[in-house]
Amino acid sequence: MILCADKALESSSFAIACRESAFIEQSGQCTALRHVIAPGANNDTLQQWLLEPPGCDHLLITTSAIDALENGQFSALLPEAPRFSQDKSAPGAPALREILKEDGYVIAGEQAEHLSLGIRDAEDRVAWRIKHRSSPEPDEAFTEHWRRVVLDVSAPPSRAGLMDERNQECIAAWLLAQQPISVCINKAAVVDAEALEFARRIWERTACVVFTIGDVLIPATTAQARPQDGEIFGELVPRNLLDTHTVAPVFVPSATPSYAASHTAENLAALADDFLNQNFRGGSSPPPGVAAIVRACKSIQMQGYCLAVWNYLQDAAVGPRRGISGSSRDILWGLQRPPIGKLGSTWLRVSANDSFDACAPVLTAFTATNAAAQLRISVHPHSSAMTKIKQTLGDALLDSTFARNLTEAHFENEVIKQKPWNVVRAADFSSGTQATTANVHSFGLVSHFITRLFPFGHVKSTRPDDPSFRRAFAESPKWLRAAIRPPPHTK
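Position 475 (the sequence shown) corresponds to 487 in the numbering used here; numbering is contiguous.
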């Protein structure tokens, strides 16, 4: 959560939003607040914000989970919440309280004489740490402390320090490295053009699936996403760890069996045959770059798969779509380009034994969209695929790629040095279009293949009809668009 106001925590609405985000289901929610950037924050304001936010009618502690449900309480401490002094990872291990204090956290109740009787229930159950800086360091990770209310705070001296261009880059780099599910930015006023522009720039440089913009009257929390209204949700990991954990990012709504589904050989062959016969079944003919890739594929099935990718992008990569009419929030959702800026490139690695067919789906996806310039290609010196890559992409596109002849060791060193947003290896698609190490079906559904390459999700305003929000975000170049589609106008 980012609060775009001087002395932000003195605002009762911001304080309540932060309390609710930090305590939601006692921090067992995947979108619970773990880090906040709040200009002017200090221990006194933070203690009031977490423990006694003015105007908050939510109980700090509830008698049971059932009572919480009956009373609509989603952000209260459960009575069985462990106290940090009794919370140990194993017998004989130091208590969590000792670990937190050693790391510089303040434990609620350390100044118990200043707390009301009801607030004393939070003693030893809530902790926070303030660092007087404008943003976290890009590589700085936080222990999650699942089911514990533990919060880190970056406190720039002022709003001006928060919105500095260099600090925007630092915030974006941290969000890319840590990949939280949800980000929210709260403006100091309903009309705050500077903060809205700040929010747009952070969103364009990152790839978070839930991004919410609020204001001092209707503040945003981190814990809000309604897929049924178009607020597309997902479970994502940092892109460099994707293949360690999953075949593809999970998005909601989607059918769980679809992640193990695949196109049949007959289906793909039929698509390839239609292409040869100029039968596009209601769609548009592929642009010249995509057609050249299809013709260069040796496998009939891979030809069909590349065409399936193109067909999908015609329908899905159309820029932003609006949320459900009548929603209490103004929502834009859809596929997006990789993060805009120096940290947003995708590297395709082509090793010595990789065929052109293994590269083809990735080349198709980028060639077919406005993300083409963000692809960099690294080719092993002994790769036989380079000739076809040059023939199909042409020199104009290759000039903007990373097509240097690098050995595997040199390539890995470059990855460590330059830290691209995404590294895609053709070897992962050598027998289809899903990672072979995951032991899943070849030629997986193109919708899931595309999410391996491009971000997705939604951005929303907490207001039901927010024209300034739509103007700022709907026209952004961040939205993914198929090559044939002109940018739509969102009124």
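Every residue gets a Cβ at the ideal spot worked out from N, C-alpha and C, and that includes glycine.
1. Just to confirm the assignment: which complete alpha helix (DSSP H) runs, minimum length 4, are found wholly within the segment 271-329?
2. Once the 5 residues before and after E216 are set aside, which same chain residues still bring their CB inside 8 Å of it?
3. How big is the Cα-Cα spacing for D176 and A27?
4. If you compare alpha carbons, which of N179, C220, R171 and Q191 is closest to K199?
5. Which residue marks the beginning of the alpha helix (DSSP H) containing N425, and which one marks its end?
6. Just to confirm my understanding: we take L15, look at its own chain, exclude 5 residues before and 5 after, and list those with CB closer than 6 Å. What are they?
7. With T224 as the anchor, note down where its beta strand (DSSP E) starts and where it stops.
8. Decide yes or no for the touch test of the segment 461-473 against the segment 220-232: beta carbon pairs closer than 8 Å, at least 3 of them.
9. Under the assumption that Q85 contacts T74 (Cβ atoms under 8 Å), give the Cβ distance between them as a whole number of angstroms.
10. Among S146, N54, V162 and S194, which one has its Cα closest to the Cα of G173?
11. In the DSSP assignment, what are the bridge partners of Q348?
12. Pick helix, strand or coil for E177, following the three-state DSSP scheme.
13. In this structure, how does DSSP classify H453 when only helix, strand and coil are distinguished?
14. In the DSSP assignment, what residue or residues form a beta bridge with W359?
15. For a test of the three-state rule: what should DSSP assign to K354, helix, strand or coil?
16. In this structure, how does DSSP classify L15 when only helix, strand and coil are distinguished?
17. When burial is assigned at 16 or more other CB atoms within 10 Å of the CB, is P192 buried or exposed?
18. Using C-beta distances below 8 Å, list every residue in its chain close to A77, excluding the 5 sequence neighbours before and after it, in chain order.
19. Measuring CA to CA, which of P476, G456 and V161 is closest to M314?
20. Mark W433 as exposed unless 16 or more other C-beta atoms lie within 10 angstroms of its C-beta, in which case mark it buried.
21. Considering Cα atoms alone, identify which of F485, F461, L492 and S23 is closest to I230.
22. Alpha carbons only, please: which of L112, H392, G346 and N425 is nearest the one belonging to I462?
23. Beta-carbon within less than 6 Å of P298's beta-carbon, same chain only, minus the 5 sequence neighbours each way: which residues are those?
24. By how many angstroms is the C-alpha of R95 removed from the C-alpha of A120?
25. Please state whether DSSP places H460 in a helix, a strand or coil.
26. Given a threshold of 16 other Cβ atoms within 10 Å of its Cβ, counted over all protein chains shown, does A364 qualify as buried or as exposed?
27. Going by other Cβ atoms of all chains shown within 10 Å of its Cβ, with 16 needed for buried, is N179 buried or exposed?
28. Where A494 and D241 are concerned, what is the direct C-alpha to C-alpha distance, given to the nearest angstrom?
29. With the cut-off set at 8 Å, would you say N252 and V435 are in Cβ contact?
30. Whose C-beta lies closer than 8 Å to the C-beta of L129 among residues of the same chain, with five residues either side of it excluded?
31. Per DSSP, which residues does F263 bridge with? Please list them.
32. H257 bridges to which residues according to DSSP?
33. Identify which residue in A397, D342, L108 and W359 has its Cα closest to the Cα of A486.
34. Could you tell me the distance, in whole angstroms, from the CA atom of K402 to the CA atom of A308?
In terms of the structure at hand:
1. Listed in chain order, the complete alpha helix (DSSP H) runs (minimum 4 residues) inside the segment 271-329 are 277-288, 300-308 and 312-328.
2. Here residue 216 refers to the residue found at position 204 of the sequence shown. Excluding residues within five positions, the ones whose Cβ falls inside 8 Å are P351, I352, G353, S488, P489 and K490.
3. Along the sequence shown, one-based indexing puts residue 176 at 164. Along the sequence shown, one-based indexing puts residue 27 at 15. Answer to the nearest angstrom: the Cα atoms are 24 Å apart.
4. As a working mapping, residue 199 is identified with position 187 in the sequence shown. With respect to the C-alpha of K199, the residue from N179, C220, R171 and Q191 having the closest C-alpha is R171.
5. Position 413 of the sequence shown, counted from the first residue, corresponds to residue 425. First-last of the alpha helix (DSSP H) with N425: E420 to Q430.
6. Mapped onto the sequence shown, residue 15 falls at position 3. Within its own chain, the residues whose Cβ lies closer than 6 Å to the Cβ of L15, once the five positions on either side in sequence are excluded, are F26, A50 and N198, listed in chain order.
7. Here residue 224 refers to the residue found at position 212 when the sequence shown is read from its first residue. From DSSP, the beta strand (DSSP E) with T224 extends over V222 to G226.
8. Yes: at least three Cβ pairs fall under 8 Å.
9. Working through the sequence shown from its first residue, we reach residue 85 at position 73. Working through the sequence shown from its first residue, we reach residue 74 at position 62. That belief holds up - the Cβ atoms of Q85 and T74 are roughly 5 Å apart, short of 8 Å.
10. On the sequence shown, position 161 is the one that residue 173 refers to. When only C-alpha atoms are compared, the closest one is S146.
11. Residue mapping note: residue 348 aligns to position 336 of the sequence shown, counting from 1. W491.
12. Working through the sequence shown from its first residue, we reach residue 177 at position 165. Of the three classes helix, strand and coil, the one that applies to E177 here is helix, per DSSP.
13. Along the sequence shown, one-based indexing puts residue 453 at 441. Bear in mind that the predicted position of H453 carries a pLDDT of just 42, short of 50, making it unreliable; the figure below should be weighed with that in mind. Coil at H453, not helix or strand.
14. Within the sequence shown, residue 359 is the residue found at index 347, counting from 1. DSSP lists R388 and V435 as the beta-bridge partner residues of W359.
15. By 1-based counting over the sequence shown, the position of residue 354 is 342. In the three-state reduction of the DSSP assignment, K354 falls in the coil class, being assigned neither a helical nor a strand state.
16. Looking up residue 15 in the sequence shown gives position 3. The answer is strand: DSSP assigns L15 an E or B state.
17. Working through the sequence shown from its first residue, we reach residue 192 at position 180. For P192, the number of other beta carbons within 10 angstroms of its own is at least 16, and it is reported as buried.
18. Looking up residue 77 in the sequence shown gives position 65. So the list reads L90, once near-sequence residues are dropped.
19. In the sequence shown, residue 314 corresponds to position 302, counting from 1. Selected option, being the one with the closest Cα: G456.
20. What you label residue 433 is simply residue 421 of the sequence shown in a count that begins at 1. Looking at its Cβ environment, which holds 16 or more other Cβ atoms inside 10 Å, W433 is buried.
21. As a working mapping, residue 230 is identified with position 218 in the sequence shown. Of all alpha-carbon atoms in F485, F461, L492 and S23, the one lying nearest the alpha-carbon of I230 is that of S23.
22. Here residue 462 refers to the residue found at position 450 of the sequence shown. Among L112, H392, G346 and N425, the Cα nearest to that of I462 belongs to G346.
23. Here residue 298 corresponds to residue number 286 of the sequence shown, with the count starting at 1. If we look at P298 and ignore the five residues flanking it on each side, its Cβ neighbours are W322.
24. The sequence position of residue 120 within the sequence shown is 108, counting from 1. The sequence position of residue 95 within the sequence shown is 83, counting from 1. The alpha-carbon atoms of A120 and R95 are separated by roughly 10 Å.
25. Here the question's residue 460 lines up with position 448 in the sequence shown. Helix at H460.
26. Mapped onto the sequence shown, residue 364 falls at position 352. So A364 ends up on the exposed side.
27. Numbered from 1 along the sequence shown, position 167 holds the residue referred to as residue 179. The residue is buried, with at least 16 neighbouring Cβ atoms inside 10 Å.
28. As a working note, residue 494 is residue 482 in the sequence shown. As a working note, residue 241 is residue 229 in the sequence shown. Cα-Cα distance, rounded: 24 Å.
29. Numbered from its first residue, the sequence shown carries residue 252 at position 240. Numbered from its first residue, the sequence shown carries residue 435 at position 423. The Cβ atoms of N252 and V435 sit closer than 8 Å to each other.
30. To locate residue 129, count along the sequence shown from 1; it is residue 117. Note that L129 has pLDDT 47, beneath the 50 cutoff, so the model's placement of it is unreliable and the number below is only indicative. Correct list: empty, nothing qualifies.
31. If you number the sequence shown from 1, residue 263 lands on position 251. Checking the DSSP bridge columns, you'll see F263 partnered with G246.
32. As a working mapping, residue 257 is identified with position 245 in the sequence shown. According to DSSP, residue pairing for H257 in a beta bridge does not occur.
33. Taking the first residue of the sequence shown as position 1, residue 486 is located at position 474. When the alpha-carbon of A486 is set against those of A397, D342, L108 and W359, the nearest one is in D342.
34. Counting from 1 along the sequence shown, the entry for residue 402 is found at position 390. Counting from 1 along the sequence shown, the entry for residue 308 is found at position 296. Taken atom to atom, the span from the alpha-carbon of K402 to that of A308 is near 11 Å.
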